[in-house]
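**Q** This is the structure, below, for whatever I ask next.
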Amino acid sequence: MEFKVNSKVLEKLLSKIIPAVPTRTPMPILENFLFDIKDGAMYVSATDLEIALRSSINIASDENLKMVIPARLLYDIIRSLGETQITFNADGGSKLKITTDTGVYNIGYSSYEDFPEIPAVSKDKEIVINGLDLKKAIDQTSFAMSKEDMRPAMTGTLFEFTPDGLRFVATDGHRLVKYINKNIKSATEEQYIIPERAISVLSKLLDDADVKIYLSKSNVSFHLGDIEFVSRLIAEKYPAYSSVIPLENENKLFVNRDVLNSTIKRMMLFSSSSSKQVKFSISNNNLEVSAEDIDHGSDAVENIECKYDAEAMDIGFNTAYVNDILNHVDDESVVFKLHSPTKACIIEPETVKETEELMLLLMPVRLNN
Amino acid sequence: MRTIFHLDLDTFFVSVERILDPSLKGKPVIVGGDPKYGRGVVAACSYEAREFGLHSAMPIRTAYRLCPHGVYIHGSHGEYSYFSKAVKNILKQYAPVVEKASIDEFYMDFTGCQNVYGSLFAFASFLQKEIWDELSLPCSIGIGSNKTIAKIGSDCMKPKGITYIMPGMEKDFLAPMPVETIPGVGKVTLKDLHSKGIYRICDITKLPQDYFAAAYGKYGIDLYRKANGSGSEYLTVEREQKSISHEKTFKDVTSKQFLKNKLFELTGKVCQELRDKGWQASTINIKLRYSDFQTLTRSKTIKPTDDDRIVFDAAWDMMMKAHTRRVAVRLIGIKLSKFKEYSEQQELFEFEEIKRRGMLRAINIIRAQYGYDKIQIGH
């Protein structure tokens, strides 16, 4: 059989699929694209068994054919060609012949039978969300996912459907982020944990187009225009995060986000590399931030204007966590809701929005007095 | 020009024994082997015993022949290291750098401290008095521009002596002394030097350096330099501890359960030491020696921890994988390394290992107050 494609069109298609091709795998078959030519369309898919991507373009061909082609080789060839017309010829037994105006390239291809099937996700329940809204939810929460394998549930992001909105939750046991998109309401309460790899690939695919989400017990499928993105779900129970969110953090500290973040960045230079500890000494409308590195004999202190009228308190935090959190609050002013130096601190943007809600929780570092 | 102090505790073992048993004062006391069985050597002897010709490193049998009425003590090594540490702690209060050269010898670098402490001689006598008042231990101090000269100095006015070799006077000070005064000159070298007609240190300095280099190589050059009053000027400060380990030797064991219990005990010890230091370890090594002396080691890196259970599980797993021969076991050991400081970062969720952390802190407190044995962790 023979068919023709424009190199740029094919490159665009392959570039969408290549993220699912694993760089290192014990199963060599996964280092391939699956080409499925059927009824005048060419479907290209790839998977690493955790995530799978599939997309298609229309081609002029009457025949149907399935083949498995080395992904990196094909992608690198097509990418380097510039804009030209490419002719694919698959009649030569086990070789795929690619012809351009000036060159001929033969690539060995294998049988498609060994290529794992991409799980089908039932379309009974459909959720539609704007791509940018989903991207925002992911970008604001994904940084807090745990990087340790010990608790698999915490290595992913929780998508929780509730009557008051779609909640996105991520935590590593030291900090927690909860973001609620109030536009997407669900009659029933359901929890799904999306793995980190899926979250990072998804974040790069999203644009302002609507995304359709389908969920099953073990898989989630995102339809982004002509791309179908399927990911395995983490089949674990997410920790009962609601029970650790304090209800009575009555001491409120209001501070300018950029001012504090700039201070924190300097404190990161002075805090000891092992503990990364920074001390907040909060008193009447004054926030004193200090750090010291005993090993190197250096220390620093800064005073920041703030709004605070509760009892004075000294509380320690990990500078890296504070920095992460401040980078993810998109408001000029942030509120730290405190209870005591050993209890969780709630951090929120000061401005309350109608359609969304962001709450960050940070556990302190016990100060050695 | 540096200012180095060498502090030598006079007849240290004897002095400690006299603190423990004051009735030994004024008697010839010999710490060392058992004269009844005629084994071992004299580790230390009091000045009263030295009058009979005794000296340290002398075979205990010879000592007994020379001084049969002396008090022979086997020695309590735990006490010695306790007092040695106590001395070091006093010295650390005054000296910027302290090197423990042996259980009863310390080097201190007081370079540039003259403005703080005034006369070096008066300060040395203050240190002597401080150690005497606090611990009832006599000592001698040598002050010089390098370690060798300071050590020779501390040795030449014992007991309770202070010798200050002024900078520039080193060569003249050493000249009349016998060559064996130089640290490192032992029996063999001494005999050889005597055969060359070299008896005093000034005999060395009269000859060219090349002569010693040719005769003894690198050691010869070192000897020549020491004879001329130079020596190492920098103290070796204790290096950061890199690992914590414990091992146990048995009379050939075949019972798996016995090994498991022993490994558990060893794990408990290393983990307690780890927690006492406020550390967490991430590399676990185990050692297994069969009765035929074949020795195996295995190691594993995990998330930093100070929890007995996590360490034991990993160690036992490695031990079982390593123990493949049907041969009796002679020794097992465990070593922890790659330390990081225990983090006081608080946790959101009360997972089991986090609850255990609280328990381990409580065990630390109990053990610190009442001793290691008072509370044990079950399997």
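Quick mapping for you: the protein sequence lines, in order, are chains A and B.
Under our numbering, the first residue of the first sequence is numbered 1, with each subsequent residue one higher.
Under our numbering, the first residue of the second sequence is numbered 1001, with each subsequent residue one higher.
The beta-carbon is built from N, C-alpha and C at its ideal position, and this holds for glycine as well.
(1) Give me the DSSP bridge partner(s) of Ser-283(A).
(2) Just the Cα atoms here: how many angstroms apart are Arg-24(A) and Glu-50(A)?
(3) On the CB-based measure, 16 or more other CB atoms within 10 Å of its CB, does Ile-1201(B) come out buried or exposed?
(4) At a CB distance below 7 Å, what residues from the segment 61 to 92 of chain A approach chain B? Give them in sequence order.
(5) Tell me which residues of the segment 338 to 358 of chain A have at least one Cβ-Cβ distance to chain B shorter than 9 Å, keeping chain order.
(6) Count the other CB atoms, across all protein chains shown, that sit within 10 Å of the CB of Pro-1035(B); report buried if there are 16 or more and exposed otherwise.
(7) Taking the straight line between their C-alpha atoms, what separation do you get for Gly-103(A) and Val-68(A)?
(8) Name the residue from Leu-176(A), Gly-93(A), Lys-353(A), Lys-125(A) whose alpha carbon lies nearest to the alpha carbon of Pro-246(A).
(9) How about Leu-218(A): is its C-beta nearer than 7 Å to some C-beta of chain B?
(10) Can you check whether the C-beta of His-328(A) is within less than 7 Å of a C-beta belonging to chain B?
(11) What residues in the segment 1327 to 1343 of chain B bring their beta carbon closer than 9 Å to a beta carbon of chain A?
(12) Identify, in the order they occur along the chain, each residue of the same chain with its Cβ nearer than 7 Å to the Cβ of Leu-134(A), setting aside the five sequence neighbours on each side.
(13) Can you list, in chain order, the residues of its chain with a C-beta nearer than 7 Å to that of Thr-162(A)? Leave out the 5 residues immediately preceding and following it.
(14) Return no unless some Cβ of chain B is closer than 7 Å to the Cβ of His-296(A).
(15) Going by DSSP in three states, Gly-1153(B) sits in which element: helix, strand or coil?
(16) What residues in the segment 136 to 152 of chain A have a beta carbon less than 8 Å from any beta carbon of chain B?
(17) Taking buried to mean at least 16 other C-beta atoms within 10 Å of its own C-beta, is Gln-1280(B) buried or exposed?
(18) Going along the chain, which residues of its own chain have a beta-carbon closer than 7 Å to the beta-carbon of Ala-1049(B), five neighbours each way excluded?
(19) Taking the Cβ atom as the reference point for each residue, do Ala-198(A) and Ser-231(A) lie within a distance shorter than 7 Å?
(20) Taking the alpha carbon of Phe-168(A) as the point to measure from, which residue in His-296(A), Asn-318(A), Thr-141(A), His-339(A) has its own alpha carbon closest?
(21) Any beta-carbon of chain A closer than 7 Å to the one on Gln-1209(B)?
(22) Counting only runs that start and end within the segment 151 to 235 of chain A, where is the beta strand (DSSP E) found for 3 or more residues in a row?
(23) If you reduce the DSSP assignment to three classes, tell me which class Ser-242(A) lands in.
(24) What's the C-alpha gap between Glu-2(A) and Ser-110(A)?
(25) Quick one: what does DSSP say Tyr-1342(B) is sitting in, helix, strand or coil?
(26) Looking at C-alpha atoms only, which residue of Lys-1100(B), Ile-1143(B), Asp-1133(B) is the closest neighbour of Leu-1120(B)?
(27) Looking only at its chain, what residues have a beta carbon closer than 6 Å to the beta carbon of Gln-1209(B), apart from the 5 residues adjacent to it on each side?
(28) Please list the partners that Gly-430(A) has in chain B, where partner means a Cβ-to-Cβ separation under 8 Å.
(29) If you follow the beta strand (DSSP E) that Ile-346(A) is in, where does it begin and where does it stop?
(30) May I have the straight-line CA-CA distance separating Lys-1160(B) from Ser-273(A), to the nearest angstrom?
(31) Under 7 Å, Cβ to Cβ, is there at least one residue of chain B near Gly-173(A)?
(32) Along the chain, where does the beta strand (DSSP E) that runs through Ala-46(A) open and close?
(33) Quick one: give me the first and last residue of the beta strand (DSSP E) that Ile-1375(B) is part of.
(34) Leaving aside the five residues before and after Met-363(A) along the sequence, list all residues of the same chain whose C-beta is less than 6 Å from its C-beta, in chain order.
(35) Identify every run of the beta strand (DSSP E) within the segment 1222 to 1296 of chain B, keeping only runs that are complete inside it and at least 3 residues long; order them along the chain.
(36) With respect to the beta strand (DSSP E) encompassing Lys-66(A), which residues constitute its N-terminal and C-terminal limits?
**A** This is what the structure holds:
(1) The residue given as residue 283(A) occupies position 283 in the first sequence. BP columns for Ser-283(A) point to Asn-286(A).
(2) For the purposes of this step, residue 24(A) is identified with residue 24 of the first sequence, where counting begins at 1. For the purposes of this step, residue 50(A) is identified with residue 50 of the first sequence, where counting begins at 1. For Arg-24(A) and Glu-50(A), the distance between alpha carbons rounds to 13 Å.
(3) Taking the second sequence and counting its residues from 1, one reaches residue 1201(B) at position 201. So Ile-1201(B) ends up on the buried side.
(4) none
(5) Residues Thr-342, Lys-343, Ala-344.
(6) The residue you call residue 1035(B) lines up with position 35 of the second sequence. Flag for Pro-1035(B) reads buried.
(7) As a position in the first sequence, residue 103(A) is number 103, starting the count at 1. As a position in the first sequence, residue 68(A) is number 68, starting the count at 1. One C-alpha to the other measures close to 22 Å.
(8) The count along the first sequence starts at 1 and reaches residue 246(A) at position 246. Minimum Cα distance to Pro-246(A) is reached at Leu-176(A).
(9) As a working note, residue 218(A) is residue 218 in the first sequence. Before going further, note that residue 218(A) is Ser rather than Leu in the sequence given. Closer than 7 Å: no.
(10) Translated into the one-based positions of the first sequence, residue 328(A) becomes position 328. Chain B contact via Cβ: absent.
(11) Lys-1340, Glu-1341, Ser-1343
(12) Position 134 of the first sequence, counted from the first residue, corresponds to residue 134(A). For Leu-134(A), where only same-chain residues beyond five positions count, the Cβ hits under 7 Å are Leu-206, Val-211.
(13) Your numbering for residue 162(A) matches position 162 in the first sequence. Closer than 7 Å at the Cβ level, and outside the excluded window around Thr-162(A), lie Ser-186, Glu-189.
(14) Counting from one through the first sequence, the residue named residue 296(A) turns up at place 296. Chain B contact via Cβ: absent.
(15) Looking up residue 1153(B) in the second sequence gives position 153. In the structure shown, Gly-1153(B) falls within a helical segment according to DSSP collapsed to helix, strand and coil.
(16) Glu-148, Met-150, Arg-151
(17) Residue 1280(B) sits at position 280 when you count from the first residue of the second sequence. The residue is buried, with at least 16 neighbouring Cβ atoms inside 10 Å.
(18) For this step, residue 1049(B) is matched to residue 49 along the second sequence. Cβ neighbours of Ala-1049(B) beyond the five flanking positions: Pro-1028, Val-1029, Ile-1030, Cys-1067, Gly-1070.
(19) By one-based count along the first sequence, residue 198(A) stands at place 198. By one-based count along the first sequence, residue 231(A) stands at place 231. Yes, the Cβ-Cβ distance between Ala-198(A) and Ser-231(A) is below 7 Å.
(20) As a position in the first sequence, residue 168(A) is number 168, starting the count at 1. The candidate whose alpha carbon is nearest that of Phe-168(A) is Thr-141(A).
(21) As a working note, residue 1209(B) is residue 209 in the second sequence. Judged by the 7 Å Cβ criterion, Gln-1209(B) is not in contact with chain A.
(22) 156 to 162, 165 to 171, 175 to 181, 190 to 195, 210 to 215, 219 to 224, 227 to 232
(23) As a position in the first sequence, residue 242(A) is number 242, starting the count at 1. In this structure, Ser-242(A) counts as helix in the three-state DSSP scheme.
(24) Stepping through the first sequence from its first residue, residue 2(A) is reached at position 2. Stepping through the first sequence from its first residue, residue 110(A) is reached at position 110. Those two C-alpha atoms are separated by around 18 Å.
(25) The residue you call residue 1342(B) lines up with position 342 of the second sequence. In this structure, Tyr-1342(B) counts as coil in the three-state DSSP scheme.
(26) Counted from its first residue, the second sequence places residue 1120(B) at position 120. Measuring from the Cα of Leu-1120(B), the nearest candidate turns out to be Ile-1143(B).
(27) The residue labelled residue 1209(B) in the question sits at position 209 within the second sequence. The beta carbon of Gln-1209(B) sits closer than 6 Å to those of Tyr-1224, all from its chain and outside the five residues before and after it, given in chain order.
(28) The displayed coordinates of chain A run from 1 to 369. Any statement about residue 430(A) would go beyond what the structure contains.
(29) Counting from one through the first sequence, the residue named residue 346(A) turns up at place 346. 345 to 349 is the extent of the beta strand (DSSP E) around Ile-346(A).
(30) Within the second sequence, residue 1160(B) is the residue found at index 160, counting from 1. Within the first sequence, residue 273(A) is the residue found at index 273, counting from 1. One C-alpha to the other measures close to 47 Å.
(31) Within the first sequence, residue 173(A) is the residue found at index 173, counting from 1. Chain B, which has a Cβ nearer than 7 Å to the Cβ of Gly-173(A), makes this yes.
(32) For the purposes of this step, residue 46(A) is taken as residue 46 along the first sequence, with counting starting at 1. Annotation: the continuous beta strand (DSSP E) that includes Ala-46(A) extends over 41 to 47.
(33) Within the second sequence, numbered from 1, the residue matching residue 1375(B) stands at position 375. First-last for Ile-1375(B): undefined, no H or E at that position.
(34) If you number the first sequence from 1, residue 363(A) lands on position 363. If we look at Met-363(A) and ignore the five residues flanking it on each side, its Cβ neighbours are His-174, Ala-344.
(35) Runs of the beta strand (DSSP E) inside the segment 1222 to 1296 of chain B: 1243 to 1253, 1279 to 1290.
(36) For the purposes of this step, residue 66(A) is identified with residue 66 of the first sequence, where counting begins at 1. Where Lys-66(A) is concerned, the enclosing beta strand (DSSP E) stretches over 65 to 70.
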